[in-house]
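These notes are about the structure you will find just below.
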Amino acid sequence: MSIAMRPSQALRLWQQVMLSQVREDAPDLTMRQTAILFTIYLDPPPHTVRGLAARLNVTKPVITRALDTMGALKLVSRHRDELDKRNVLIKRTVEGALFVERFGDGIIAKAHELPI
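Each residue of the sequence shown is one higher than the last, beginning at 1 in full-length UniProt numbering.
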């Protein structure tokens, strides 16, 4: 599905989505944390620290710090790979899935409010 928008409309939509997130009692994630979270939930698993770092073109410590925050919020969980103990697998959680779904619902709701 393609939607034609002017840059100002796209920015207004993003602003409205961000404002709704700030106003809700939702986890306050940085843009980087949000990008990592969406990658985990929208791209097929398995996800590893190494793989996410390569996919997002950041260092492994950047991913680890973000996962620390998101793990504390129960949006993701981490487990050692039983087949290769060097790898840490990142798993989705029910709380994280609900957060991502509500975020998507919020985007749709705000898009419907945009003036034509």
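Cβ coordinates follow ideal geometry from the N, Cα and C atoms, glycine included.
Handout entry: Contact check, R50 vs L67, beta carbons under 8 Å
Key = Judged by their CB atoms, R50 and L67 are not nearer to each other than the 8 Å cut-off.
Problem - Cβ neighbour criterion (16 or more within 10 Å) applied to H112 - result: Taking every protein chain shown into account, the CB of H112 has fewer than 16 other CB atoms within 10 angstroms, so this residue is exposed.
Practice task
Taking the CB atoms as reference points, tell me whether K110 and S8 lie closer together than 8 Å.
Solution key: In this structure, K110 keeps its C-beta atom at 8 Å or more from the C-beta atom of S8.
Practice task
Write down the C-beta distance between G96 and L37 rounded to the nearest angstrom, noting that I regard them as a contact closer than 8 Å.
Solution key: Going by Cβ atoms, the distance from G96 to L37 rounds to 7 Å, so yes, they are a contact pair.
Practice task
Would you identify the three-state DSSP class for R6, choosing helix, strand or coil?
Solution key: In the three-state DSSP reduction, R6 falls in the coil class, being neither helix nor strand.
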